[in-house]
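**Q** Can you read through this structure? Questions will come right after.
There are 2 protein chains.
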Amino acid sequence: MISLTELQRRIDSGELSPQAAIDRSLEAIAAKDKTIGAFVCHDSKARAANNGPLRGIAVGIKDIIDTADFPTEMGSVIYRGWRPRADASVVMALKAAGATIIGKTTTTAFAARDPTATLNPHNHAHTPGGSSSGSAAAVGAGMIPLALGTQTGGSVIRPASFCGATAIKPSYRVLPTVGVKCYSWTLDTVGLFAAGVEDLARGLSAMTGRPELLPQPADARPRIGVVTLDFAGAPEAAGGEALRIAVAAAERAGASVHSLRVPEITAEAWRIQPVLQEFEAHQALAWEYTTQYDAMAPKLRGRLDESKGTTSAAYDDAMKIANKARQALAAMYDEVDVLLTFSAPGIAPKGLASTGDTRFNRLWTLMGVPCVNIPAYIAEGGLPVGVQVIARFGDDARVLAAALFLETALKR
Amino acid sequence: MISLTELQRRIDSGELSPQAAIDRSLEAIAAKDKTIGAFVCHDSKARAANNGPLRGIAVGIKDIIDTADFPTEMGSVIYRGWRPRADASVVMALKAAGATIIGKTTTTAFAARDPTATLNPHNHAHTPGGSSSGSAAAVGAGMIPLALGTQTGGSVIRPASFCGATAIKPSYRVLPTVGVKCYSWTLDTVGLFAAGVEDLARGLSAMTGRPELLPQPADARPRIGVVTLDFAGAPEAAGGEALRIAVAAAERAGASVHSLRVPEITAEAWRIQPVLQEFEAHQALAWEYTTQYDAMAPKLRGRLDESKGTTSAAYDDAMKIANKARQALAAMYDEVDVLLTFSAPGIAPKGLASTGDTRFNRLWTLMGVPCVNIPAYIAEGGLPVGVQVIARFGDDARVLAAALFLETALKR
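Just so you know, the sequences run in chain order Z and B.
Residues in the first sequence are numbered from 5 upward in steps of one, following the numbering used here.
Residues in the second sequence are numbered from 5 upward in steps of one, following the numbering used here.
The following block contains the structure:
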């Protein structure tokens, strides 16, 4: 993978020009993307900016995020060739920080579950996960140092785990979703993929103008609460192994680690997340579902067909449960700094039929809390498996600090 | 004005065809809009649907709300002729209920403060208010029975007060903002304009599929708390008179009415609302402000210039204050069912230079609570002045019930 931190160091020292850094990504795309298929389109003549903390950093943008300079096709024939007027806010934030938008990365249709043709860079017989398939694969394959994705169920953390990338789903609305195709306004969250935790911190800090997100001189060793969400089912062997390895590494590095149970109400929140998600999706995608029904991707259309009868009363109940669960969850952080759990049940599923299962992600998206995926284990077939560090809502600096601690511990 | 309730009654009884109801609006537009200028464009061949509770109801859509069948120009030359791919969710909700989208109504550029050329239907020498200028004027002039607007500061309630229309700004996210040009994602709220409270209830209920919003057999007489927000300054004479008249009418009708003080923290929330609003606007309008600076409307551009230096720390503080104020405000509703206060300082300002002052609106938008404007008083020059009824967050049924009570009391 391409380290953003290393590129910045070399550019700052004058050892590497910003354009040479961009060219390195262009060469990697030319060499690898014919096989991987992470990009919908890219600018083979992309130019570097000369200023800004992200000068020389090539960024891939998930294709449900509006760009004025590239088509934005939403992974759907309905938007084939579609040209938004304006860049999304997050794209402008990247540009303002000097980044180069190098292209658009593949997405499942409207960020739902119909798979793209993108391959897992670590094993071409497996899915890269979704819905941010192209962003995870492009970073995991070492084509680009930074990419944007979005998560409504588990579409940032899960593909990152499958592709061996590091990724952050920040707290809800740290990054605006203006200009991002909506699936569920209560859940949709823009996230970042990169080669390591420090890269994420530098990227997110530059995009938001928040210096407090930059890596701080190593904090005290974090208090880590390990949670397994029994109500979400058991992980596969590889998922369990990744968590075991991460726990052992954290303990060896001196963190206080102990098992915790999440509050009862979170099980209910986990169960109602799809109610909330699909009720909002029916409104967010009303034009597509009503007027372009035949052109809708089949899995998404089927899911909308099934959830058609959801009542506003069921939605209101789901919202109340979510709010209660958020409050109950916040209380856990009196005892611990972060939670540690699975990023996905196990390795990336074989074939491209499924983008994987959101069961270890959707609670955290619903809670709006910041999550970071860190690669922890390489399973059979060369397939990576990550673990996820989760902090209190709004504590993005802490989730990054704890993730950096764990990443360092895992490298020892 | 055209009563939606009356149209529905006549259509239901077979006395009036849905198309005849639409034609009535087309004729009114043809007769009045050359003078008023409430529409950016309209479909002079608009057809009625034959089904749905809103069949035969012609609706005007504020021109920052995406429509697939009409251009969406955002009140700005930057979007001249712009054609979105999809209808906004609220437009689809109207269509699903059988409404006819008859045209797009004028808006200040990006729903900020640069006035449109629209005239106040009650006195052409005055502004209709803004930013939902065309929607308020079109309903107030009796051209259409229903219109959509949006409120970020006071852009639904204030122009409704100036134009003698009834209007609701529902609780935050009762109506989705998907496909609505964003100014501030924490504040932007879609609202409805109509001739009376029952019309609003019928419109909102049909759009949301929420039967509980329909007028209920008259509830107990509401407990009303009158608040005046001293920190927002004194009202003008006409604003004070409107509130005095409304209080007297409510008391006569048997409501329990007493003065209340809003919690201290709401004064702070009122002060920081612009910090939050402009910090988000810089991100929401980043593409326009950065790449189309010269084409930006001057008042909006000036406001963005001034607020350029707002830090994320100031924004985070503003968010914390807003959250505290929301909690403190919720506690008031243990004593009362609704609050009653000014909709605007007074009559619509003379001339078109200003769309009016948001000082009696922006706290309530920030709180996310449902507000209804009811015309209460006709001042000199034939200019209407409204009052505003406000309920607890999520209690849209109660705000409508109390507003209906007050409206009835005012008619006696």
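Don't be surprised by glycine CBs; every beta carbon is placed ideally from N, CA and C.
Since this is a predicted model, take the numbers as computed values, not measurements.
Can you tell me the Cβ-Cβ gap for residue 228 of chain Z and residue 408 of chain Z, rounded? I've got them flagged as a contact below 8 Å.
**A** About 13 Å separates the two Cβ atoms, so there is no contact after all.
**Q** Can you pull the chain B residues whose beta carbon is under 7 Å from the beta carbon of residue 213 of chain Z, in chain order?
**A** What residue 213 of chain Z touches in chain B: 316.
**Q** Note down, in chain order, every chain Z residue with its Cβ under 8 Å from the Cβ of residue 292 of chain B.
**A** Correct list: 90.
**Q** Report back the beta-carbon spacing between residue 293 of chain B and residue 89 of chain Z to the nearest angstrom; my notes put them in contact at under 8 Å.
**A** About 14 Å; that fails the 8 Å criterion.
**Q** Using beta-carbon positions only, say whether residue 243 of chain Z and residue 373 of chain Z come within less than 8 Å of one another.
**A** Not a contact, by the Cβ cut-off of 8 Å.
**Q** Would you mind listing the alpha helix (DSSP H) stretches within the region 48-110 of chain B that are 4+ residues and don't spill past its ends, in chain order?
**A** Correct list: 93-100.
**Q** Just curious, the alpha helix (DSSP H) that residue 164 of chain Z is in, first and last residue?
**A** Residues 161-167.
**Q** Using a Cβ cut-off of 8 Å, pull out every chain Z residue sitting near residue 189 of chain B, in sequence order please.
**A** Chain Z residues near residue 189 of chain B: 177, 180, 181, 182.
**Q** Could you give the first and the last residue of the continuous beta strand (DSSP E) run that contains residue 408 of chain B?
**A** No beta strand (DSSP E) holds residue 408 of chain B; the alpha helix (DSSP H) holding it covers 400-415.
**Q** Going by alpha carbons, who is nearest to residue 59 of chain Z out of Z/24, Z/111, Z/183, Z/402?
**A** Residue Z/24 is the option with its Cα nearest to residue 59 of chain Z.
**Q** Below 8 Å on C-beta distance, what does residue 287 of chain B contact in chain Z?
**A** Per Cβ cutoff of 8 Å: 93, 96, 97, 180, 182.
**Q** With the cut-off set at 8 Å, would you say residue 251 of chain B and residue 266 of chain B are in Cβ contact?
**A** No, these two residues do not count as a Cβ contact at 8 Å.
**Q** Does the region 207-218 of chain B come close enough to the region 370-386 of chain B that 3 or more CB-CB pairs lie under 8 Å?
**A** These segments do not touch.
**Q** Could you tell me the distance, in whole angstroms, from the CA atom of residue 100 of chain B to the CA atom of residue 211 of chain B?
**A** When rounded, the distance between both Cα atoms is 8 Å.
**Q** Note down the Cα distance separating residue 297 of chain Z from residue 305 of chain Z, rounded to an integer number of angstroms.
**A** Between residue 297 of chain Z and residue 305 of chain Z, the C-alpha separation is close to 8 Å.
**Q** Taking C-beta to C-beta, are residue 64 of chain Z and residue 137 of chain Z nearer than 8 Å?
**A** Not in contact: residue 64 of chain Z and residue 137 of chain Z (Cβ atoms no closer than 8 Å).
**Q** What residues from chain B crowd round residue 83 of chain Z, counting only those whose CB sits closer than 7 Å?
**A** Under the 7 Å cutoff, chain B gives 89.
**Q** Does the region 184-195 of chain Z touch the region 392-409 of chain Z, meaning 3 or more C-beta pairs lie closer than 8 Å?
**A** Counting Cβ pairs under 8 Å, fewer than three are found: no touch.
**Q** Would residue 269 of chain Z pass as a contact of residue 332 of chain Z if the rule is Cβ separation under 8 Å?
**A** Yes, they are a contact pair.
**Q** Run through DSSP, which three-state label would residue 126 of chain Z get?
**A** If DSSP states are grouped into helix, strand and coil, residue 126 of chain Z belongs with coil.
**Q** Do residue 165 of chain B and residue 347 of chain B come within 8 Å of each other at the CB atom, strictly closer than that value?
**A** For residue 347 of chain B and residue 165 of chain B, yes; Cβs fall inside 8 Å.
**Q** Please report how far the alpha carbon of residue 94 of chain Z lies from the alpha carbon of residue 209 of chain Z, in whole angstroms.
**A** Straight-line Cα distance between these residues: approximately 12 Å.
**Q** So what's residue 153 of chain B in DSSP terms, helix, strand or just coil?
**A** In the structure shown, residue 153 of chain B sits in a strand (DSSP, three-state: E or B).
**Q** Run through the DSSP bridge pairs and tell me what residue 171 of chain Z is partnered with.
**A** In the DSSP output, where bridge partners are listed per residue, residue 171 of chain Z has Z/197, Z/377.
**Q** With a cut-off of 8 Å on the beta carbons, I'd call residue 151 of chain Z and residue 142 of chain Z a contact; round off their distance for me.
**A** At roughly 6 Å, the Cβ-Cβ gap stays under 8 Å, so residue 151 of chain Z and residue 142 of chain Z are in contact.
**Q** Going by CA-CA distance only, name the one from B/71, B/104, B/32, B/279 that's closest to residue 310 of chain B.
**A** When only C-alpha atoms are compared, the closest one is B/279.
**Q** Using a Cβ-Cβ cutoff of less than 8 Å, which residues in the same chain neighbour residue 71 of chain B once the five nearest sequence positions on both sides are dropped?
**A** Only 65, 88, 91, 92, 95, 105, 108 meet the Cβ criterion.
**Q** Between Z/133, Z/48, Z/368, which has its C-alpha nearest residue 115 of chain Z's C-alpha?
**A** The shortest Cα separation from residue 115 of chain Z among Z/133, Z/48, Z/368 belongs to Z/133.
**Q** If you compare alpha carbons, which of Z/16, Z/113, Z/5 is closest to residue 36 of chain Z?
**A** Ranking Z/16, Z/113, Z/5 by Cα distance to residue 36 of chain Z puts Z/5 first.
**Q** Measure from the C-beta of residue 186 of chain Z to each C-beta in chain B and report whether the shortest distance is under 8 Å.
**A** Answer yes: the Cβ-Cβ gap between residue 186 of chain Z and chain B drops below 8 Å somewhere.
**Q** So which residues of chain B does residue 72 of chain Z contact, with C-beta pairs closer than 8 Å?
**A** Near residue 72 of chain Z (Cβ distances below 8 Å), the residues of chain B are 291, 295.
**Q** Along chain B, which residues have their Cβ under 7 Å away from the Cβ of residue 86 of chain Z?
**A** Ordered by position in chain B, the residues that pass the 7 Å Cβ test against residue 86 of chain Z are 89.
**Q** With residue 388 of chain B as the anchor, note down where its beta strand (DSSP E) starts and where it stops.
**A** Looking at the DSSP string, the run of the beta strand (DSSP E) that includes residue 388 of chain B is 387-394.
**Q** For residue 355 of chain Z, tell me which candidate among Z/15, Z/7, Z/125, Z/78 has the shortest Cα-Cα distance.
**A** Of the candidates Z/15, Z/7, Z/125, Z/78, the one whose C-alpha sits nearest the C-alpha of residue 355 of chain Z is Z/125.
**Q** Could you compute how far the alpha carbon of residue 147 of chain B sits from the alpha carbon of residue 45 of chain Z?
**A** Approximately 48 Å between the Cα atoms of the pair.
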